[in-house]
Structure formats: C-alpha cells, structure tokens
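Visitor: Its first residue numbered 1, the sequence shown is counted upward by one per residue in UniProt numbering.
Idealized CB from N, CA, C, for every residue including glycine.
Remember, it's a predicted structure, so these values are computed and weren't measured experimentally.
Here it is, the structure, as structure tokens.
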Amino acid sequence: MVQRLGSIGKLLVGVWLAGVTVATFVVIPPYQGLGDAGRIVIVHVPTAWVAVIAFTVSAVYSALFLRRRRPDDDAKATAAAEGGLIFTLLSTLTGMVFSQIAWGVFWNWDPRQVTILILLLIYAALFALRSAIDEPERRRRLAAVYSLFAFVTMPFLMFVAPRMAESTLHPNCAFIKGSDCNGITLQVGNVGLLGDQKVQLLGLERQGDIVVAQVKVSTPGLASEAILRPGYDLTTRSYTDRPTFPGQRFTLALESVNLERGEARINMEAPGSGLLANQRTLWVFLASNIGFTMLFVWMFLVRSQVLSLEVQIAQRKVALA
C-alpha cells in the first residue's frame, strides 16, 4: 500500500511539474521589459522558498534528535538539508541565468547573490562535517547542533541582509511599474550609484516643457560607458523618454527635476505592470510553488527512508559482529 501511494505521488509530482513547465512557455505572456526572461521567475522564486522550507524541516528534526536521540530523526534532518542544498543551488543557477540576460553578466556580486552563496557554503560545510566524523552517534550529535546554528543564519541571509544593502540590482525593485527603488538625486557633475550602476549627471537641457538629462552610465559586464538621455515633462510632472541601459532590459527614468539647482532624481525601472499582475502568470506561479513543494516532500520521504535503512543495516552488522 505504501509503495503504491509512493508511486502515485511520484506520478502526480511529475505530471504537475510537467504541466507547470508547459504553462510557463505557453500560457504566460512575455513580461514587458524583460520578454521571455521573466519566465525564469516561475522557477527561481519557488525553488528559493522551498529551500527555506527544507532548511526549516532540517532544523526541526535536528532539534528532535537532540531531545530524543533517535537515528530516524537524524536521517530526516539530513534528507531535508540535502533537499535544501539542492533547491538553493537551483535558485542560485536560475538567478545567474537571469542576471546574464538582464544585466549582461552571470555574477555581479549583488547582495542577494552573495548571501545565497554564503548560505550554500554554510550548508555544504554541514556535509563536510558529517563526512569527517566516523563515530555515528558523535556525528549525529554534532551535525544536529551545527544544523541549528546554520538555520539561525538562514533568515538573516535570505531576508534581512539583502534588504539592508543599498547597492543592489536584484529585480524586486524593478519589476513594478514606476519602480519602488529609492533612486538617487544628483546635481550636474555629480557621480553616484544606482544599484551597482555608476551614474553621472552631465547636464540638463530644457526644450519647451520637456527637460532632457544627459547621464553617463557604467554597467556590469560592459567595458565602455554610455550616455543616456531620459526626458521629463514639466507640465504633467512625469517622465517621457526612458532609455534602456546598455546590454540590459531595464530603463533609466527621470523622476523629478529642479532646474534652478541643476538637480535631477533618476531611477532604474522596468516598463509594464508587475510580473504577477497578469492572472495567468499568477496562477502558474502558485502552481509552481505547489509543484516544487511536492517535489521536495517526495524527495524528503524517499531519501529519509534510504538513510534510515542504511542505519538499520549498519546496526545489524554491528550486532552480528
């Protein structure tokens, strides 16, 4: 009966994720401003969330092992940590692909890229610790303690540290129409950072009710600089032209102008509405979250059973010896 349910569950997960894959390319419309690159969010974000779930499950079973000293709890903690490591790696790789498409470079030391790399190294060290200790009980105990300490760092690295950094190009501030990035205010001649973009306001030119700014930008992955000319309508108090960053899908917007002070506020934005504003995209995104969560549960159950079986075999060998 258990094997039959396992087979049904495996088939359900496979069919579900296959449906999500097809819907990602057939049902979801291209994201305005990112085109087909926006589809990668359907995998990138859910894998990151499932990694959080997996590391949480690992911490729970690590705490249970320290309390009850049951090898099965250690096996489940290990299986969950393995799943978390796999999903964290998937999230990192899909993020790198998006980075190449949107920013022109696979790795630009964005705060989120750095913190998820640190998380990967922390949990990779957990398995290095387990492989370095031969005595089973001592290995389980130390691994459980380490897993709890690693779990404490996870919320900080995943949610807190990236939001504390001022310099970031992670797209959650550029997916929204009008952008909720802070932007920067520069006077003519001044240099600043917009994300990790180096920008310099060279001048402001008024043409009737329109003000055109000259902005020099240096972007990740590019050896040369470029001059962009965003526009601003003094009558409607809104931007007009939004030139695209070289090698990227994001645009440079002029959000406000003070001609008397020779000052302008510029920001990085993406045209179009939010990625999940489209109902079809939202439903596929939710289905992806469910599908990857089911995949983790299936992987967790199978792997924990295998690890528990290995423990039982090892115990029998010791008893027979």
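On the CB-based measure, 16 or more other CB atoms within 10 Å of its CB, does GLY38 come out buried or exposed?
Guide: The count along the sequence shown starts at 1 and reaches residue 38 at position 38. Label assigned to GLY38: buried.
Visitor: Could you say which of SER62, LEU194, SER99, ASP73 lies nearest to VAL145 if we only look at CA atoms?
Guide: Translated into the one-based positions of the sequence shown, residue 145 becomes position 145. Relative to VAL145, the option among SER62, LEU194, SER99, ASP73 whose CA is nearest is SER62.
Visitor: What do you get for PRO111, buried or exposed, if any count of 16 or more other CB atoms within 10 angstroms of its CB means buried?
Guide: The residue labelled residue 111 in the question sits at position 111 within the sequence shown. When all chains shown are included, PRO111 counts as buried.
Visitor: By how many angstroms is the C-alpha of VAL114 removed from the C-alpha of residue 322?
Guide: A query on residue 322 cannot be resolved here, the shown segment of the chain reaching from 1 to 321 and no further.
Visitor: Could you pull out every unbroken beta strand (DSSP E) segment of at least 3 residues lying fully inside the segment 10 to 36, listed in chain order?
Guide: none
Visitor: Anyone know if the C-beta pair for MET299 and GLY83 falls short of 8 Å?
Guide: The residue labelled residue 299 in the question sits at position 299 within the sequence shown. The residue labelled residue 83 in the question sits at position 83 within the sequence shown. Taking a C-beta distance under 8 Å as the contact criterion, MET299 and GLY83 qualify as a contact pair.
Visitor: Considering Cα atoms alone, identify which of VAL105, SER218, LYS216, LEU259 is closest to TYR232.
Guide: By 1-based counting over the sequence shown, the position of residue 232 is 232. Answer by Cα proximity: LEU259.
Visitor: What do you reckon, are the CB atoms on ALA213 and ARG229 nearer than 8 Å?
Guide: Residue mapping note: residue 213 aligns to position 213 of the sequence shown, counting from 1. Residue mapping note: residue 229 aligns to position 229 of the sequence shown, counting from 1. Yes; because the gap between Cβ atoms is below 8 Å, this pair is in contact.
Visitor: Measure the alpha-carbon distance for ARG130 versus ARG141 and round it to whole angstroms.
Guide: Taking the sequence shown and counting its residues from 1, the one referred to as residue 130 is at position 130. Taking the sequence shown and counting its residues from 1, the one referred to as residue 141 is at position 141. Taking the straight line from one Cα to the other gives about 10 Å.
Visitor: Less than 7 Å between C-beta atoms, sequence neighbours within five positions excluded: which residues of the same chain meet that for GLY192?
Guide: For the purposes of this step, residue 192 is taken as residue 192 along the sequence shown, with counting starting at 1. So the list reads ILE184, LEU186, VAL199, once near-sequence residues are dropped.
Visitor: Could you tell me the distance, in whole angstroms, from the CA atom of ALA59 to the CA atom of PHE151?
Guide: Position 59 of the sequence shown, counting from 1, holds the residue named residue 59. Position 151 of the sequence shown, counting from 1, holds the residue named residue 151. The straight-line gap from Cα to Cα measures roughly 6 Å.
Visitor: Mapping the DSSP letters down to three states, classify GLY291 as helix, strand or coil.
Guide: Sequence index remark: in the sequence shown, residue 291 carries index 291 (1-based). Residue state, collapsed to three classes: helix.
Visitor: What does the Cβ neighbour count give for GLN197, buried or exposed, with the cut at 16 atoms within 10 Å?
Guide: Here residue 197 refers to the residue found at position 197 of the sequence shown. Under this definition GLN197 is a buried residue.
Visitor: What is the residue span of the alpha helix (DSSP H) that GLU225 lies within?
Guide: Position 225 of the sequence shown, counted from the start, is the residue given in the question as residue 225. No alpha helix (DSSP H) holds GLU225; DSSP gives it neither H nor E.
Visitor: Using a Cβ-Cβ cut-off of 6 Å (strictly less than) and excluding sequence neighbours within five positions of LEU234, which residues of its own chain qualify?
Guide: Position 234 of the sequence shown, counted from the start, is the residue given in the question as residue 234. Around LEU234: ASP209.
Visitor: Return the residue from the list ARG206, LEU148, VAL20, GLN100 that minimises the CA-CA distance to ARG67.
Guide: Here the question's residue 67 lines up with position 67 in the sequence shown. That would be LEU148, whose Cα lies nearest to the Cα of ARG67.
Visitor: For the alpha helix (DSSP H) containing MET154, name the first residue and the last one.
Guide: Within the sequence shown, residue 154 is the residue found at index 154, counting from 1. Looking at the DSSP string, the run of the alpha helix (DSSP H) that includes MET154 is 136 to 155.
Visitor: On the premise that PHE285 lies in contact with THR47, defined as a C-beta separation below 8 Å, what is that separation, rounded to the nearest angstrom?
Guide: Translated into the one-based positions of the sequence shown, residue 47 becomes position 47. Translated into the one-based positions of the sequence shown, residue 285 becomes position 285. Rounded to the nearest angstrom, the Cβ distance from THR47 to PHE285 is 12 Å, too far for a contact under 8 Å.
Visitor: How many Å lie between THR24 and LEU121 at the Cα?
Guide: Position 24 of the sequence shown, counting from 1, holds the residue named residue 24. Position 121 of the sequence shown, counting from 1, holds the residue named residue 121. Each residue's Cα considered, the two are about 31 Å apart.
Visitor: Below 8 Å, can you find three or more Cβ-Cβ pairs linking the segment 93 to 107 to the segment 49 to 59?
Guide: Contact between the segment 93 to 107 and the segment 49 to 59 is absent, because fewer than three Cβ pairs lie under 8 Å.
Visitor: According to the neighbour-count rule (16 or more other Cβ atoms, all chains shown, within 10 Å of its Cβ), is ARG69 buried or exposed?
Guide: If you number the sequence shown from 1, residue 69 lands on position 69. Counting Cβ neighbours within 10 Å, ARG69 comes out exposed, since fewer than 16 surround it.
Visitor: Might you give, ordered along the chain, the residues of its own chain that have their beta carbon closer than 7 Å to the beta carbon of THR78, omitting 5 neighbours on each side?
Guide: By one-based count along the sequence shown, residue 78 stands at place 78. Cβ within range, chain order: LEU307.
Visitor: For the alpha helix (DSSP H) holding VAL257, just list the boundary residues, first then last.
Guide: To locate residue 257, count along the sequence shown from 1; it is residue 257. First-last for VAL257: 251 to 258, but that is the beta strand (DSSP E), not the alpha helix (DSSP H).
Visitor: Does the distance from the CB of VAL43 to the CB of SER288 come in under 8 Å?
Guide: For the purposes of this step, residue 43 is identified with residue 43 of the sequence shown, where counting begins at 1. For the purposes of this step, residue 288 is identified with residue 288 of the sequence shown, where counting begins at 1. Cβ distance < 8 Å, so VAL43 and SER288 count as in contact.
Visitor: Here's the rule I'm using: 16 or more other beta-carbon atoms within 10 Å means buried, otherwise exposed. How should PHE159 be labelled?
Guide: Working through the sequence shown from its first residue, we reach residue 159 at position 159. Label assigned to PHE159: exposed.
Visitor: Less than 8 Å between the CB atoms is what I'm expecting for ALA54 and PHE296, so what's the real figure, rounded?
Guide: Reading the sequence shown from its first residue, position 54 is the one you call residue 54. Reading the sequence shown from its first residue, position 296 is the one you call residue 296. Going by Cβ atoms, the distance from ALA54 to PHE296 rounds to 6 Å, so yes, they are a contact pair.
Visitor: If you run the structure through DSSP and keep just helix, strand and coil, what is ASP73?
Guide: Residue numbering aside, residue 73 sits at position 73 when the sequence shown is read from its first letter. Here ASP73 sits in helix by DSSP.
Visitor: Are PRO269 and ALA253 touching if we call contact CB-CB under 8 Å?
Guide: Against the sequence shown, residue 269 aligns to sequence position 269. Against the sequence shown, residue 253 aligns to sequence position 253. What sits at residue 269 in the sequence shown is Glu, not Pro. Their beta carbons are under 8 Å apart, which means GLU269 touches ALA253 by this criterion.
Visitor: So for LEU234, helix, strand or coil by DSSP?
Guide: Position 234 of the sequence shown, counting from 1, holds the residue named residue 234. In this structure, LEU234 counts as coil in the three-state DSSP scheme.
Visitor: Can you look up ILE266 in the DSSP assignment and give me helix, strand or coil?
Guide: Within the sequence shown, the letter at position 266 stands for residue 266. Three-state result, ILE266: strand.
Visitor: Which residue's Cα is closest to the Cα of VAL27: ALA80, THR281, ALA319, VAL302?
Guide: Translated into positions along the sequence shown, residue 27 becomes position 27. The closest CA to that of VAL27, considering only ALA80, THR281, ALA319, VAL302, is found on THR281.
Visitor: Any idea what DSSP makes of ARG206, helix, strand or coil?
Guide: Here residue 206 refers to the residue found at position 206 when the sequence shown is read from its first residue. Three-state result, ARG206: strand.
Visitor: Between VAL211 and LEU204, is the Cβ-Cβ spacing less than 8 Å?
Guide: Start at 1 with the first residue of the sequence shown, and residue 211 comes out as number 211. Start at 1 with the first residue of the sequence shown, and residue 204 comes out as number 204. Taking a C-beta distance under 8 Å as the contact criterion, VAL211 and LEU204 qualify as a contact pair.
Visitor: Report the three-state DSSP secondary structure of VAL212 (helix, strand or coil).
Guide: Taking the sequence shown and counting its residues from 1, one reaches residue 212 at position 212. Of the three classes helix, strand and coil, the one that applies to VAL212 here is strand, per DSSP.
Visitor: Identify whether VAL217 lies in helix, strand or coil by the three-state DSSP scheme.
Guide: The residue labelled residue 217 in the question sits at position 217 within the sequence shown. In the structure shown, VAL217 sits in a strand (DSSP, three-state: E or B).
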